[in-house]
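Here the structure is laid out as structure tokens; the discussion comes afterwards.
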Amino acid sequence: MSTFDLWLRGIDHNFAFPLLLTIERTTLAITDFVLMYHCWVIYGRTWPIIIVPGFLCLATVACLITGSYWAIMADIKNNVSLTIGITNSTLAFLSCTIVMNVNLPSSYYEYGELRDTQHWIETSTPAGSQLQQLISH
Numbered sequence: 009m010s011t012f013d014l015w016l017r018g019i020d021h022n023f024a025f026p027l028l029l030t031i032e033r034t035t036l037a038i039t040d041f042v043l044m045y046h047c048w049v050i051y052g053r054t055w056p057i058i059i060v061p062g063f064l065c066l067a068t069v070a071c072l073i074t075g076s077y078w079a080i081m082a083d084i085k086n087n088v089s090l091t092i093g094i095t096n097s098t099l100a101f102l103s104c105t106i107v108m109n110v111n112l113p114s115s116y117y118e119y120g121e122l123r124d125t126q127h128w129i130e131t132s133t134p135a136g137s138q139l140q141q142l143i144s145h
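Counted the way our numbering counts, the sequence shown spans residues 9 to 145.
See the structure below:
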């Protein structure tokens with residue numbers, strides 16, 4: 009859907025930008041929530057693994073709301089100087105999204121290596137060894 013399509017349907021150009029901005033950011037926030045849920049399931053539904061990504065998801069939602077508010081206010085008041093709020097919220101939103109999208113996949117990789125190492129130790133060491141006792145505690 010383009011801005012021109014919205015204009016043809018009777019939506020004023022001024023309100024097309026906040027609408028598209030909100031839809032775009034909502035899509036990214038939903039994607040981040042799905043990625044976080046996927047990580048939570050992979051880690052055996054343990055809560056500590058999603059504390060930091062959870063705060064980042066909440067921050068992206070706050071930035072989504074703030075950016076949409078500033079976009080609407082800039083269009084209603086026809087004041088270009090209000091777009092600084094859009095710029096700041098966009099930078100914060102993208103920063104949180106980038107940190108989460110870099111952090112979570114690296115956690116998958118680290119978890120996979122940890123799981124493989126534990127499996128190797130469990131299968132290749134005698135049951136009563138000190139290493140096996142250390143792992144079980």
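Here a beta-carbon is modelled for each residue, glycine too, at the ideal position from N, C-alpha and C.
Because the structure is a prediction, the values reported are computed rather than measured.
From the DSSP output, in three-state form, read off residue i for me.
i: Thr54; result: coil
i: Phe23; result: helix
i: Leu28; result: helix
For residue i and residue j, which I take to be in contact (beta-carbon distance under 8 angstroms), what is that distance rounded to the nearest angstrom?
i: Ile6; j: Trp48; result: The requested residue 6 does not occur in the structure, where the chain is confined to residues 9 to 145.
i: Leu36; j: Thr105; result: 6 angstroms
Is any heavy atom of the ligand NAP found at a distance shorter than 8 angstroms from the C-beta of residue i?
i: Ile84; result: Although the ligand NAP was asked about, the structure shown includes no ligands whatsoever.
Is the Cβ-Cβ distance between residue i and residue j less than 9 angstroms?
i: Glu103; j: Trp78; result: The sequence given here places Ser at residue 103; Glu does not occur at that position. Taking 9 angstroms as the Cβ cut-off, Ser103 and Trp78 do not qualify as a contacting pair.
i: Gly75; j: Leu29; result: yes
i: Cys65; j: Phe101; result: no
i: Pro26; j: Met44; result: no
Uninterrupted alpha helix (DSSP H) stretches inside the stretch 50 to 107 (no shorter than 4 residues): The DSSP assignment places 59 to 85 as complete runs of the alpha helix (DSSP H) inside the stretch 50 to 107, in order along the chain (cut-off: 4 residues).
The stretch 73 to 89 contacting the stretch 38 to 55, beta-carbon criterion three pairs below 8 angstroms: Judged by Cβ distances under 8 angstroms, the stretch 73 to 89 makes no contact with the stretch 38 to 55, as fewer than three pairs qualify.
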